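First the structure, in the form of structure tokens, and then the observations on it.
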Amino acid sequence: MSSRRRRLRRRGSGGSAARIALWVSLALLALLLLGTAAGTATAYAFVRSWLKDLPDYESPSAFQVAQATKIYSADGKLLARLYLENRTIVPFENISQDLKDGLIAVEDERYYQHRGVDPVGIVRAAVMDVLSGSVEEGASTITMQYVRNTILADERFDISAARKVREAFVAQELEKRRTKDEILNLYLNTVYFGEGAYGAEAAAQTYFAKHAEDLTLGEASLLAGLPQAPSRLDPYDNPEAATARRVEVLDAMLANNYISQAEYDQAISEPVKLTRAKEPEHGIYRAHYFVAHVKKILQAKYSQAVVFKGGLTVHTSLDTRRQKYAEDAVFGFLNEKGDPDAGLVSIDPRNGHIVAMVGGENYSKNKFNLATQGRRQPGSAFKTFVLVTALEKGMPPYRYVNSSSPAVIQLPGRDWVVSNSEGSGHGAMSIENATKHSVNAVFARLIAELKPEAVAKVAKRMGIASPVPAFHAIALGGLGVTVLDMATAYGTLAANGVHYPPTAITKIVGPDGALVYEYKPKGKRVLDPSVAYAATKMLKGVITGGTATRANIGRPAAGKTGTSQNYRDAWFVGYTPQLVTAVWVGYYKTEKQMRNVHGRRGFGGTLAAPIWASYMRKALAKEKRLDFKSAPPPKYTWRGSWSRSSSSTVDPKKTKPKPKPASPASETPIQEPVPVPDPGPVTPPPPPDPGTDPSATP
7 MSSRRRRLRR
17 RGSGGSAARI
27 ALWVSLALLA
37 LLLLGTAAGT
47 ATAYAFVRSW
57 LKDLPDYESP
67 SAFQVAQATK
77 IYSADGKLLA
87 RLYLENRTIV
97 PFENISQDLK
107 DGLIAVEDER
117 YYQHRGVDPV
127 GIVRAAVMDV
137 LSGSVEEGAS
147 TITMQYVRNT
157 ILADERFDIS
167 AARKVREAFV
177 AQELEKRRTK
187 DEILNLYLNT
197 VYFGEGAYGA
207 EAAAQTYFAK
217 HAEDLTLGEA
227 SLLAGLPQAP
237 SRLDPYDNPE
247 AATARRVEVL
257 DAMLANNYIS
267 QAEYDQAISE
277 PVKLTRAKEP
287 EHGIYRAHYF
297 VAHVKKILQA
307 KYSQAVVFKG
317 GLTVHTSLDT
327 RRQKYAEDAV
337 FGFLNEKGDP
347 DAGLVSIDPR
357 NGHIVAMVGG
367 ENYSKNKFNL
377 ATQGRRQPGS
387 AFKTFVLVTA
397 LEKGMPPYRY
407 VNSSSPAVIQ
417 LPGRDWVVSN
427 SEGSGHGAMS
437 IENATKHSVN
447 AVFARLIAEL
457 KPEAVAKVAK
467 RMGIASPVPA
477 FHAIALGGLG
487 VTVLDMATAY
497 GTLAANGVHY
507 PPTAITKIVG
517 PDGALVYEYK
527 PKGKRVLDPS
537 VAYAATKMLK
547 GVITGGTATR
557 ANIGRPAAGK
567 TGTSQNYRDA
577 WFVGYTPQLV
587 TAVWVGYYKT
597 EKQMRNVHGR
607 RGFGGTLAAP
617 IWASYMRKAL
627 AKEKRLDFKS
637 APPPKYTWRG
647 SWSRSSSSTV
657 DPKKTKPKPK
667 PASPASETPI
677 QEPVPVPDPG
687 PVTPPPPPDP
697 GTDPSATP
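Our numbering numbers the first residue of the sequence shown as 7 and each following residue consecutively.
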């Protein structure tokens, strides 16, 4: 008995009448396909109703199978494979010839002679099974199996003559449209080999940690035997059965002259050495939190079937070199047990490309993305939006504001009391110096004058996607924002007032090579260049002589520190013309106070700024040293009350006011502010009663 006759395709015993009916129907179909007139007339009467409602087998997508979606970095590195069925489609020439021969020998030895259905095999199998009283002999060709696993997959568990006839008919039609090698390649890339491996390439990786083209004869013959019963013959669980099945495959290959006796003997003696290729958890090889962000975008845009079975090739903006620099900067600094968590987002402000993202330390333990999901208080880093609003309203940098502490802002219902970090005041202080030294009282008075609604609109316009409540407290960071929010919003300043949406996906290609999506940078001007440049000039001073001197990287850069109440959040958001990066440090679960992190108190300037600088030095090492594009000053207005002495009036048309040098009594540097009470780490608080402000204190 040939190895083909020894195949076991047991579907259950069933009744003899049902088995006979099944094989009579298939025998009639065989006569039809053999082309005899009598057979044609008789079989037609049987099968005419069974061929109704067939799927469109002529459609280009009719035989598509699930393929993994691959995600690549901007520099061509594979970041992840997303799949429900682990399958990698490979060309015919990249599959071992021994595997091709072995499958044909054991599954369909007349494959290259029939036209999709093997009439001789059908008749022989029918006789064998009826005589034996059980269904032991299969009659499905490789083409029929391929049809069953693709276009008729929904019917594959229907054990009936009708299903067999439908398979046979479509198989014959397929062979009219494809060559034998094409169909065999489709089958080899589709068939299930067990252990979650679909197709020859995945099987070779799963069992031998090698490519399908590199299999030895012994390995190829083992794989060729698995499709018959992948679970029962699993080499990991049942090596004896798998090895015995390998012998059957080699017997068939020898009998069909695919191998010589010497090759047979060598393969028989070859020990089975199983090695599973390392497949990362969740299919992600690197940049786990960035990939999770990309996956979320894909799932919002496409169905689950397309994302996990569509065989997409997704090109992203991530730069793996910069990603490594970002991870090294974060975890090289926060490298001790008990250290706080951190998030980092780095964006090219010229096009919105996210080039690096750190959303946590261990994705397998914590999938919460601190860079995109965690809304934390930005502290004084949010003062930048107050500054921009003031500039848009015509307030010049040299306008003086009362910095005395506490500032008592009268609001309907109760007063809002804001203190500077050291509690004392500094007299009249210019907006420029108040920005450089992050003076709470000045910005509290500014937002009261500008109105919170105006500041909220500016923040949203610049790119803050999280909700921005129109409360006075937002001037000092009394709201929840993400690291991504802050990076993209500051990127608007780096791009001279043009906002580019943060972008992770640059191009998507379908399984057929057709372009599905391509990102074309399209910025929107949201700030006048004069306003953007005026703000940048002041924010440069934060680094050169303000609260973020640890962020000095030896090239033109601007930014702002931020620290939330009780040192629970430390921020630095900084930028150059080529790169904008936001860094947050804190304990995301417990909101523990950072009063001693490596001997440092948890200010944005002492925790976040050093991480930023460490990353930016390396990330920009190959970039030209550029300064920001200059622009003329905005159209400023002037009021007498804006001078150092409220009794003096200065007309900017007659006299050009200049910022006066700081005096020890009035403008001493201030490290960081102590912000208003925390409204919550994740989302802003509900709106207060009319006429009140949530940040007010009794």
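Even for Gly, the Cβ is constructed at its ideal location relative to N, Cα and C.
These numbers were taken from a predicted model, which means no experiment stands behind them.
A check of alpha carbon separations from Pro638 across His604, Thr612, Ala538 identifies Ala538 as the nearest. When DSSP states are grouped into helix, strand and coil, Ala413 belongs to the strand group. Distance from the CA of Asp257 to the CA of Tyr270, rounded to the nearest whole angstrom, comes to 8 Å.
Per the DSSP secondary-structure output, Phe578 pairs in a beta bridge with Thr567, Val589. Checking the DSSP bridge columns, you'll see Asn602 has no partner listed.
Taking C-beta atoms as the reference points, Thr149 and Glu181 count as a pair closer than 8 Å. DSSP places Asp271 within a helical segment (H, G or I) once states are collapsed to three. Within the segment 488–547, the complete alpha helix (DSSP H) segments of 4 residues or longer fall at 489–500, listed in chain order. Per DSSP, the beta bridge partners of Gln73 are Gly316. A residue is called buried when at least 16 other Cβ atoms come within 10 angstroms of its Cβ; Val445 meets this threshold and is buried.
Restricting attention to Arg328, Val278, Val603, Gly611, the CA atom closest to the CA of Ala557 is found in Gly611.
Across the set Trp422, Leu232, Ile290, Thr542, the C-alpha of Thr542 shows the shortest separation from the C-alpha of Phe391.
Here Val414 has Asp421, Val423 as same chain residues with Cβ atoms under 7 Å from its own Cβ, once five neighbours each way along the sequence are excluded. For Val504, same chain residues with a beta-carbon under 6 Å away, outside a window of 5 residues either side, are Gly529, Arg531 in chain order. With respect to the 8 Å criterion, Lys170 and Thr319 are not classified as neighbours on the basis of their beta carbons. Three or more Cβ pairs drawn from the segment 612–619 and the segment 575–583 lie within less than 8 Å of each other, which places the two stretches in contact. Relative to the Cα of Glu285, the nearest Cα in the group Ala268, Tyr89, Leu376 belongs to Tyr89. In the DSSP assignment, the residues bridged to Met363 are Val351. Counting along the chain, the unbroken beta strand (DSSP E) around Met435 starts and ends at 434–436.
Under the DSSP assignment, Phe199 falls in the beta strand (DSSP E) whose first and last residues are 198–200. When the five nearest sequence neighbours on each side are left out, the beta carbons in the same chain lying within less than 7 Å of the beta carbon of Gly483 are those of Gln383, Pro384, Gly385, Ser386, Ala387, Phe388, Gly568, Ser570, Pro681, in order along the chain. When the five nearest sequence neighbours on each side are left out, the beta carbons in the same chain lying within less than 8 Å of the beta carbon of Leu221 are those of Ser102, Asp104, Leu105, Ala210, Phe214, Leu229, in order along the chain. Our two residues, Arg561 and Asp633, have alpha carbons roughly 8 Å apart in a direct line.
In this structure, the beta-carbon distance from Glu91 to Ala68 does not fall below 8 Å.
In the three-state scheme derived from DSSP, where H, G and I count as helix and E and B as strand, Asn92 is classed as strand. Nearest in C-alpha terms to Arg183, of all of Gly349, Ala261, Pro66, is Pro66.
CA-CA distance, Ala454 to Ile303, rounds to 38 Å. Shown here, Leu192 sits in a helix according to DSSP, grouped into three states.
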